[in-house]
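A short write-up of the structure that comes next.
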Amino acid sequence: MPFFLFPMLGGQRSVANLASMKALVLKEKNSPPQFLEREMPTPEKDTVLVNVKAASLNHRDVWIMKGQYAGLSYPIVPGSDGAGWYEGQEVILQPGSGWGGDERCQGNGYQILGLPKDGTIAESVAVLRSQLFPKPSHLSMVEAAALPLAGLTAYRVLFVRCQARPGEKLLVTGAGGGVALFCVQFALKAGLEVYVTSGDESKIERVRTIGALGGANYKSDGWVDALKKMAGGFDVIVDGAGGADFGSLLKIANPGARIGIYGGTNGAVPNLSPQAIFWKQLSILGATMGSDRDFSAMLDFVNRHKIVPIIDSVFELADGAKAFERMEKGQQFGKIVLNIS
Ligand SMILES: NC(=O)c1ccc[n+]([C@@H]2O[C@H](COP(=O)([O-])OP(=O)(O)OC[C@H]3O[C@@H](n4cnc5c(N)ncnc54)[C@H](OP(=O)(O)O)[C@@H]3O)[C@@H](O)[C@H]2O)c1
1 MPFFLFPMLG GQRSVANLAS MKALVLKEKN SPPQFLEREM PTPEKDTVLV NVKAASLNHR
61 DVWIMKGQYA GLSYPIVPGS DGAGWYEGQE VILQPGSGWG GDERCQGNGY QILGLPKDGT
121 IAESVAVLRS QLFPKPSHLS MVEAAALPLA GLTAYRVLFV RCQARPGEKL LVTGAGGGVA
181 LFCVQFALKA GLEVYVTSGD ESKIERVRTI GALGGANYKS DGWVDALKKM AGGFDVIVDG
241 AGGADFGSLL KIANPGARIG IYGGTNGAVP NLSPQAIFWK QLSILGATMG SDRDFSAMLD
301 FVNRHKIVPI IDSVFELADG AKAFERMEKG QQFGKIVLNI S
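Heads up, the sequence shown stops at 341 in my numbering, and the numbers go up one at a time, no gaps.
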């Protein structure tokens, strides 16, 4: 349920009277973020200021640093994920706004925090009141900040788009990634049999420790055969990589399988065989973030199952450039979070 439907408490944490704040700022393309003093955002119509206590990184922030989105103008405060205080209550932020009335897809007015408007990696961020949701009470600020964008994307691709059901066999590619790990955590709680790929054996082992049944290293020869041997085939596949390996996923999809695509880290998919798709009656389903309804449903799911996001590392705001470097190198297992005290 959105925050604005909850009764308000006292306003002991208001930040509206501060003139400047600390923030990470991307000043130009391909330059690491700088820790700077920046003017407080001015709330516009329908927006409120949130006192951010923690924010987390997504690959999107690295793409923004590299200038890979249309409509970018620097300087900008990056960050789509945040948790903090508003009017004395602990809140978690829905990173998207303006989804529109069609649950099937977002409308033209859809925006994500951190581009084109300043994002969450700052002491304060201006958001629409409708973006405020109550923070799950079993999560710390750092844990809550890890959840929004990746958790929302994972929830929508898995349950809304692919309609994953208990007992089905699921393959999640690139298990070390933020969205991918939430897919693994959510699917395990929902009773699916989960397998993964990763470019790092140690990440496969770590995913096994939380309940995945097995995995294969996409950098090794024979990873497709290895998965086939382990699982037979998959009813649902969730992929954030695309690229040359995508075609191989079709080979290990069961007839009638659903393949959800939420990312394209490895670029375009070459030589996709129509026969491989139509003969097995496969459904290929795109997914981007999610509506307010999806966000609410994701929070309900997290609250119900007491899911705790896997945190890779926590950096102080002043060390934000190191956090970006870690994500750029793909060293993480789980979310990289910035502590904003
Ligand atoms: N549609 C949306 O709404 C949405 C939302 C969030 C993210 N995205 C996109 O989804 C992608 C992942 O985002 P993220 O924030 O989760 O990124 P991330 O945390 O940086 O994870 C990226 C992961 O990609 C995996 N990877 C790299 N090469 C791979 C390959 N050949 N095969 C399979 N996996 C491979 C790596 O997994 P291992 O370390 O295990 O090898 C890496 O951890 C990005 O392209 C991002 O832009 C889209």
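All residues carry an ideal CB built from backbone N, CA and C; glycine is no exception. These numbers were taken from a predicted model, which means no experiment stands behind them.
Evaluate PRO116 with the Cβ neighbour count: other Cβ atoms within 10 Å of its Cβ, from every protein chain shown; 16 or more gives buried, anything less gives exposed.
exposed
Quick one: using the 10 Å Cβ neighbour count with 16 as the cut-off for buried, is PHE333 buried or exposed?
buried
So for GLU328, helix, strand or coil by DSSP?
Of the three classes helix, strand and coil, the one that applies to GLU328 here is helix, per DSSP.
In the DSSP assignment, the alpha helix (DSSP H) including MET141 goes from what residue to what residue?
Counting along the chain, the alpha helix (DSSP H) containing MET141 begins and ends at 141 to 145.
Please confirm whether ASP170 and ALA154 have their CB atoms less than 8 Å apart.
Contrary to the premise, residue 170 reads as Leu rather than Asp in this sequence. The answer is no: Cβ separation not under 8 Å.
For VAL302, which residues of its own chain have a beta-carbon under 6 Å away from its beta-carbon, when the five flanking residues on both sides are left out?
PRO136
If you drop the 5 nearest sequence neighbours on each side, which residues of the same chain put their C-beta closer than 8 Å to that of SER313?
ALA323, ARG326, GLN332, ILE336, VAL337
Looking at VAL308 and ligand 1, is the gap between the Cβ and the nearest heavy atom below 7 Å?
no
DSSP-derived helix/strand/coil call for LYS169:
LYS169 falls in the strand class under three-state DSSP.
Determine the direct distance from the alpha carbon of LYS53 to that of GLU90, and round the result to whole angstroms.
Looking at the two C-alpha atoms, the distance is approximately 10 Å.
Counting only runs that start and end within the segment 228 to 313, where is the alpha helix (DSSP H) found for 4 or more residues in a row?
Counting whole runs of 4 or more residues, the segment 228 to 313 contains the alpha helix (DSSP H) stretches 246 to 251, 274 to 279, 292 to 305.
CA-CA distance, SER80 and THR173?
23 Å
To the nearest angstrom, report how far apart GLY286 and LYS22 are at their CA atoms.
Rounded to the nearest angstrom, the two C-alpha atoms are 37 Å apart.
Assign GLN163 to one of two classes, buried (16 or more other C-beta atoms within 10 Å of its C-beta) or exposed (fewer than that).
exposed
Kindly indicate the opening and closing residues of the alpha helix (DSSP H) around TRP85.
Note, TRP85: premise wrong, no alpha helix (DSSP H); beta strand (DSSP E) at 81 to 86.
For ASN30 versus GLY67, is the C-beta distance shorter than 8 Å?
yes
Taking the C-alpha atoms as reference points, what is the distance between ALA276 and LYS251?
8 Å
Could you pull out every residue in the same chain whose Cβ sits closer than 6 Å to the Cβ of ALA226, ignoring the five residues on either side in sequence?
ALA216
Are the beta-carbon atoms of PRO75 and VAL25 separated by less than 8 Å?
yes
Is the CB-CB distance between VAL269 and GLY242 below 8 Å?
yes
Might you give, ordered along the chain, the residues of its own chain that have their beta carbon closer than 6 Å to the beta carbon of GLY233, omitting 5 neighbours on each side?
ILE252, ASN254
Bounding residues of the alpha helix (DSSP H) (the contiguous stretch that carries SER203):
It should be pointed out that residue 203 corresponds to Lys in this sequence rather than to Ser. Here the alpha helix (DSSP H) through LYS203 covers 201 to 209.
Distance between ALA297 and GLY114 (C-alpha atoms, nearest Å):
Spanning the alpha carbons of GLY114 and ALA297 requires a straight line of approximately 23 Å.
Are the beta-carbon atoms belonging to PRO41 and ASP118 less than 8 Å from one another?
Yes, Cβ-Cβ distance for PRO41 and ASP118 is below 8 Å.
Using the DSSP secondary-structure output, state which residues sit across from PHE133 in a beta bridge.
ILE92
For the beta strand (DSSP E) that THR42 lies in, which residues bound it at each end?
Run containing THR42: none; DSSP gives neither H nor E here.
Can you tell me the Cβ-Cβ gap for VAL238 and VAL308, rounded? I've got them flagged as a contact below 8 Å.
21 Å between Cβ atoms; not a contact.
When LEU272, ASP300, LEU147, GLY290 are compared against TYR110, the one with the closest alpha-carbon:
GLY290
Ends of the beta strand (DSSP E) at ALA54?
47 to 56
Assess contact between the segment 202 to 218 and the segment 173 to 182, defined as three or more Cβ pairs (one per stretch) separated by less than 8 Å. Is contact present?
yes
Coarse secondary structure for ALA212, derived from DSSP in three states
coil
Measure the beta-carbon distance from THR197 to LEU128 and round it to whole angstroms, keeping in mind my assumption that it falls under 8 Å.
So it is not a contact: roughly 37 Å between Cβ atoms.
Specify the secondary structure class of TYR195 as computed by DSSP and reduced to three states.
Strand.
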